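A.B. asks: Please see the structure below; I have some questions.
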Amino acid sequence: MNGGRKKAICFGLGPIGCSIAKLALMRKDRIEVVGAIDIDPNIVGKDLASVIGIDGPTGVIVKSDLRGVTHDADIVLHATGSFLSSTRSDLIEFCKKGLDVVSTTEELAFPWYRHADYAAEIDTLAKQNGVTILAVGVNPGFVLDFIPIALSGVCSSVKKVKGERVLDSLTRRLPFQRKTGLGLTVDEFEKGVREGRLGHVGLEESIAMVASALNCHIDKVEQIVSPKISQGMTLSGSHSTIEKGKVLGIIQTARGLFDQKEVISYRMEMYAGAENPHDSITIVGEPEITLCIPNGTPGDLATASLVVNSIERVVEACPGLVSTKDLRPASSVLIP
Ligand SMILES: NC(=O)c1ccc[n+]([C@@H]2O[C@H](COP(=O)([O-])OP(=O)(O)OC[C@H]3O[C@@H](n4cnc5c(N)ncnc54)[C@H](OP(=O)(O)O)[C@@H]3O)[C@@H](O)[C@H]2O)c1
Numbered sequence: 000m001n002g003g004r005k006k007a008i009c010f011g012l013g014p015i016g017c018s019i020a021k022l023a024l025m026r027k028d029r030i031e032v033v034g035a036i037d038i039d040p041n042i043v044g045k046d047l048a049s050v051i052g053i054d055g056p057t058g059v060i061v062k063s064d065l066r067g068v069t070h071d072a073d074i075v076l077h078a079t080g081s082f083l084s085s086t087r088s089d090l091i092e093f094c095k096k097g098l099d100v101v102s103t104t105e106e107l108a109f110p111w112y113r114h115a116d117y118a119a120e121i122d123t124l125a126k127q128n129g130v131t132i133l134a135v136g137v138n139p140g141f142v143l144d145f146i147p148i149a150l151s152g153v154c155s156s157v158k159k160v161k162g163e164r165v166l167d168s169l170t171r172r173l174p175f176q177r178k179t180g181l182g183l184t185v186d187e188f189e190k191g192v193r194e195g196r197l198g199h200v201g202l203e204e205s206i207a208m209v210a211s212a213l214n215c216h217i218d219k220v221e222q223i224v225s226p227k228i229s230q231g232m233t234l235s236g237s238h239s240t241i242e243k244g245k246v247l248g249i250i251q252t253a254r255g256l257f258d259q260k261e262v263i264s265y266r267m268e269m270y271a272g273a274e275n276p277h278d279s280i281t282i283v284g285e286p287e288i289t290l291c292i293p294n295g296t297p298g299d300l301a302t303a304s305l306v307v308n309s310i311e312r313v314v315e316a317c318p319g320l321v322s323t324k325d326l327r328p329a330s331s332v333l334i335p
């Protein structure tokens, strides 16, 4: 790893990957984008500028896999999927090539609770190859884990952690709206939840990360995913209507239990037209403390920023698989 500009490969160019690439290219003094990868044949072979919608060219041509990148690189900015089952082989390849990783894979944010074998495998490989692997994002990775952990630092004792995130899905990217089931029938929604295609991934990871930081053992996490039903709604900016009885989005709750007591409880409301969007965290303890972020944290920009703002803290970290609680906070740049 060189001491100056970090050489980064943008891996996955969906809406989040494109935002990451744009931001990385804007930080020319600190970051050099040396490669871009996506499996979508419609963008492979194009200059990165035309894919992410900026003036170009950048000289970086999108390739279909890592073998196409001929430059040496320091770090991969990875944004392809939520699940370890689909990202595992790429992560193993990054380790073997000696590349640090900042990823948006939700299940990687704190894999020690639900995927301990996988976490051990990646941690061992990362250490053998001298690289650091971190997954970040707005959630998991910030609102419902980093913030409560940081807030708890001023408490002499904690009895419970509560969190609520309400967001209007129309302010988010299309893949996000799809994951909330917008426009589906209730039957389609319930099938999607059963098959794991719908619903927020990451509440368990956030709960496990907070519990681990607060030195609390979690026996289990219980989750309920319910549809928010439309009373009839015309989507602003389009002529589409979500008919009465169809799905506007998701209400998802998760409870972390210790000794049959609820110690961490989270509620997420993510649907079209949600009113009073906000993030709210309460630490029930001594003292009791609540932080509310009016309008909520804008998830897509926050996630891309956290990835790019994590490059330096990952580069300077000891090798291994780490979570956001293990490193100094991500920080942006101040340009007056
Ligand atoms: N932690 C958080 O808070 C947070 C926040 C936002 C997003 N995320 C996660 O970040 C990921 C990216 O978000 P998104 O909305 O941009 O997702 P997306 O629309 O699914 O984009 C992913 C992109 O990666 C490509 N891709 C998939 N597998 C690949 C592979 N093995 N190699 C190279 N490219 C591959 C996809 O190509 P195809 O379209 O051709 O498959 C697509 O272009 C998602 O998993 C999302 O859930 C996490």
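The numbering of the sequence shown is numbering that gives the first Met the number 0, which starts it at 0 and goes up by one.
Beta carbons are placed, not taken as given, at the ideal position from N, Cα and C, and that holds for glycine.
This structure is a prediction, so every number in the text was calculated from the model and none was measured.
Do leucine 124 and cysteine 94 have their beta-carbon atoms positioned less than 7 Å apart in this structure?
C.D. replies: yes
A.B. asks: Which residue or residues does DSSP assign as beta-bridge partners of arginine 254?
C.D. replies: Glu221, Ser264
A.B. asks: Indicate whether valine 200 and serine 81 have their beta-carbon atoms separated by less than 7 Å.
C.D. replies: Their beta carbons are under 7 Å apart, which means valine 200 touches serine 81 by this criterion.
A.B. asks: When you compare only the Cα positions, how much space is there between alanine 72 and alanine 118?
C.D. replies: Distance between alanine 72 and alanine 118, taken at the CA atoms: about 24 Å.
A.B. asks: Three-state secondary structure (DSSP) at proline 226?
C.D. replies: strand
A.B. asks: Cβ of serine 331 within 7 Å of Cβ of phenylalanine 109?
C.D. replies: no
A.B. asks: I believe valine 59 touches aspartate 46 by the beta-carbon criterion, under 8 Å. Please report the beta-carbon distance rounded to the nearest angstrom.
C.D. replies: 7 Å
A.B. asks: Look at the alpha carbon of methionine 0 and the alpha carbon of valine 33, and state the distance between them as a whole number of angstroms.
C.D. replies: Reliability of the predicted coordinates at methionine 0 is poor, the pLDDT of 45 falling under 50, and no value is obtained from them.
A.B. asks: If we call anything under 7 Å between Cβ atoms a contact, is valine 43 one with glycine 97?
C.D. replies: It is not a contact, given that the beta carbons lie outside the stated cut-off.
A.B. asks: Taking DSSP as the reference, what is the three-state secondary structure of asparagine 1?
C.D. replies: In this prediction, asparagine 1 scores a pLDDT of 47, lower than 50, which makes its location untrustworthy; the coordinate-derived value is nonetheless stated afterwards. Asparagine 1: coil per DSSP, three-state reduction.
A.B. asks: Using a threshold of 7 Å, state whether the C-beta atoms of valine 224 and glycine 255 are closer than that.
C.D. replies: no
A.B. asks: Could you tell me if the beta carbon of valine 103 falls within a distance shorter than 6 Å of some heavy atom in ligand 1?
C.D. replies: In the sequence as displayed, the identity of residue 103 is threonine instead of valine. Flag set: Cβ of threonine 103 near ligand 1.
A.B. asks: Which residues in the same chain have their Cβ closer than 6 Å to the Cβ of threonine 240, if we skip the five residues on either side of it in sequence?
C.D. replies: Thr233
A.B. asks: CA-CA distance, proline 14 and arginine 172?
C.D. replies: 7 Å
A.B. asks: Assuming contact is defined by CB atoms lying nearer than 7 Å, are glycine 191 and valine 246 in contact in what I supplied?
C.D. replies: no
A.B. asks: Please identify the residue among Phe145, Asp89, Pro328 whose C-alpha is closest to the C-alpha of glutamate 315.
C.D. replies: Nearest to glutamate 315 by C-alpha distance, out of Phe145, Asp89, Pro328, is Pro328.
A.B. asks: Would you grab the beta carbon distance between leucine 22 and valine 313 for me? Rounded to a whole angstrom, and I think it's under 8 Å.
C.D. replies: No, leucine 22 and valine 313 are not in contact; Cβ-Cβ is about 15 Å, not under 8 Å.
A.B. asks: What do you get for cysteine 317, buried or exposed, if any count of 16 or more other CB atoms within 10 angstroms of its CB means buried?
C.D. replies: exposed
A.B. asks: Which same chain residues, not among the five before or five after leucine 90, have their C-beta less than 7 Å away from its C-beta?
C.D. replies: Val100, Ile121, Ile132
A.B. asks: Is any non-hydrogen atom of ligand 1 found closer than 6 Å to the C-beta of isoleucine 250, if you look at the structure I gave you?
C.D. replies: no
A.B. asks: Could you please give the first and the last residue of the uninterrupted beta strand (DSSP E) stretch that includes arginine 164?
C.D. replies: Counting along the chain, the beta strand (DSSP E) containing arginine 164 begins and ends at 156-167.
A.B. asks: Just to confirm the assignment, what range does the alpha helix (DSSP H) spanning serine 330 have?
C.D. replies: Element bounds for serine 330: n/a, residue is neither H nor E.
A.B. asks: Check whether the segment 280-300 and the segment 148-165 are in contact - that is, three or more C-beta pairs closer than 8 Å.
C.D. replies: yes
A.B. asks: Keeping to the same chain, check which residues put their C-beta closer than 7 Å to that of arginine 87; ignore five residues upstream and five downstream.
C.D. replies: Tyr117
A.B. asks: Straight-line CA distance for isoleucine 51 to threonine 302?
C.D. replies: Between isoleucine 51 and threonine 302, the C-alpha separation is close to 16 Å.
A.B. asks: Along the alpha helix (DSSP H) that carries threonine 86, what are the first and last residues, could you check?
C.D. replies: 83-95
A.B. asks: Give every residue of the same chain whose Cβ lies closer than 8 Å to the Cβ of glycine 182, excluding the five residues on either side of it in the sequence, and list them in chain order.
C.D. replies: Excluding positions up to five away in sequence, the list reads Ser239, Ile241, Lys245, Val246.
A.B. asks: Report, in whole angstroms, the separation of the C-beta atoms of lysine 62 and isoleucine 30, which I expect to be a contact under 8 Å.
C.D. replies: Contact doesn't hold; Cβ gap of about 19 Å is too wide.
A.B. asks: Is it the case that the Cβ atoms of leucine 83 and tyrosine 265 are separated by a distance below 7 Å?
C.D. replies: no
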